[in-house]
Amino acid sequence: MSRLYVIDEMISAKAIAARIEELAKLIEAEYEGTEKLVVIGLLRGSFIFIADLVRELDLPVEVDFLEVSSYGDAMESSREVRILKDLRGQIEGRDVLVVEDIVDTGHTLSRTTEYLLARHPAKLKTIALLDKPSRREVDFKADWIGFEIPDEFVVGYGIDYAQHNRNLPYIGKVRFTE
Ligand code: IMP
1 MSRLYVIDEM
11 ISAKAIAARI
21 EELAKLIEAE
31 YEGTEKLVVI
41 GLLRGSFIFI
51 ADLVRELDLP
61 VEVDFLEVSS
71 YGDAMESSRE
81 VRILKDLRGQ
91 IEGRDVLVVE
101 DIVDTGHTLS
111 RTTEYLLARH
121 PAKLKTIALL
131 DKPSRREVDF
141 KADWIGFEIP
151 DEFVVGYGID
161 YAQHNRNLPY
171 IGKVRFTE
């Protein structure tokens, strides 16, 4: 990475925490009475979001992770999603919530959902912290969204730019200075 950039705050840590409290209530209502909810984080961008979300959930939960290849370079034309790290647990017949950082073109979450549905969970819902609807290439809508944002490149709160800035406590917009 060689280009210089600055980061302008877009969504504060406080606003994220407040939104997660609201989302947790909606999720609790949806999965009320569940024996145990399997919360699946898509690595790596969702790791902070899933950590904060599960701590707000007043439900029995199990946490698992799935890593899929991000699109780009050679994958650009096929938009294929490859599984880099599979789940440890079983999801057949179980209640599942898939947690993603951003829905951009929609390919990652729509393909991942198809992949997980093939394992026949009892119920599968998706949540993404951020949504960029203007970038969508496939007809995909997460069941819950934290914030809808414009077509800007963002970092922080688990989200990176070339493996930088994941540890910012807020969501920031990348602005190139050269
Ligand atoms: P989609 O398949 O285009 O929806 O891809 C979603 C993935 O692209 C996210 O999980 C992120 O890894 C990445 N991504 C999309 N927009 C951004 C961004 O603004 N900053 C960092 N990563 C992003």
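Heads up: the sequence shown runs through residues 1 to 178, numbered per the UniProt record's numbering. Just so you know, even glycine gets a beta-carbon here, dropped at the ideal spot from N, CA and C.
heavy atom of the ligand IMP below 7 Å from residue i C-beta
| i | result |
| --- | --- |
| Tyr161 | yes |
| Val39 | no |
| Phe47 | no |
| Asp101 | yes |
| His107 | yes |
| Val155 | yes |
| Val104 | Before going on, a small fix: residue 104 reads as Asp here, not Val. For the ligand IMP, at least one heavy atom lies less than 7 Å from the Cβ of Asp104. |
Closest residue to residue i among the options (Cα-Cα distance)
| i | options | result |
| --- | --- | --- |
| Leu84 | Thr113, Leu66 and Leu117 | Leu66 |
| Gly93 | Leu53, Glu100, Val68 and Ala122 | Ala122 |
| Gly158 | Glu21, Val103, Ser46 and Gly172 | Ser46 |
| Phe147 | Arg3, Ile11, Val6 and Tyr5 | Ile11 |
| Glu22 | Ile145, Glu178, Gln163 and Val96 | Ile145 |
| Lys127 | Val99, Pro133, Asp139 and Arg135 | Correcting the residue identity first, residue 127 is Ile in this sequence and not Lys. Considering only alpha carbons, the answer is Val99. |
| Arg135 | Ile102, Lys125 and Ile7 | Ile102 |
| Asp52 | Ala24, Val68 and Ala29 | Ala24 |
| Ala13 | Glu80, Asp131, Ile48 and Glu114 | Ile48 |
| Leu87 | Leu43, Ala142, Val54 and Ile50 | Leu43 |
Bridge partner(s) assigned by DSSP for residue i
| i | result |
| --- | --- |
| Tyr157 | Looking at the DSSP assignment, Tyr157 forms no beta bridge with any residue, so it has no partner. |
| Ile40 | Asp64 and Val98 |
| Ile27 | DSSP, once it has assigned bridges, lists no residue as partnering Ile27. |
* Given 8 Å as the limit, is there contact between the segment 139-152 and the segment 162-170, that is, 3 or more CB pairs closer than that? -> Too few Cβ pairs lie closer than 8 Å, so no.
* Flag this pair as touching only if the segment 51-70 and the segment 33-43 have three or more C-beta atom pairs under 8 Å; answer yes or no. => The segment 51-70 is in contact with the segment 33-43.
* Would the segment 27-35 and the segment 101-119 be scored as touching if the rule is three or more Cβ pairs under 8 Å? -> At 8 Å Cβ cutoff, the stretches do not touch.
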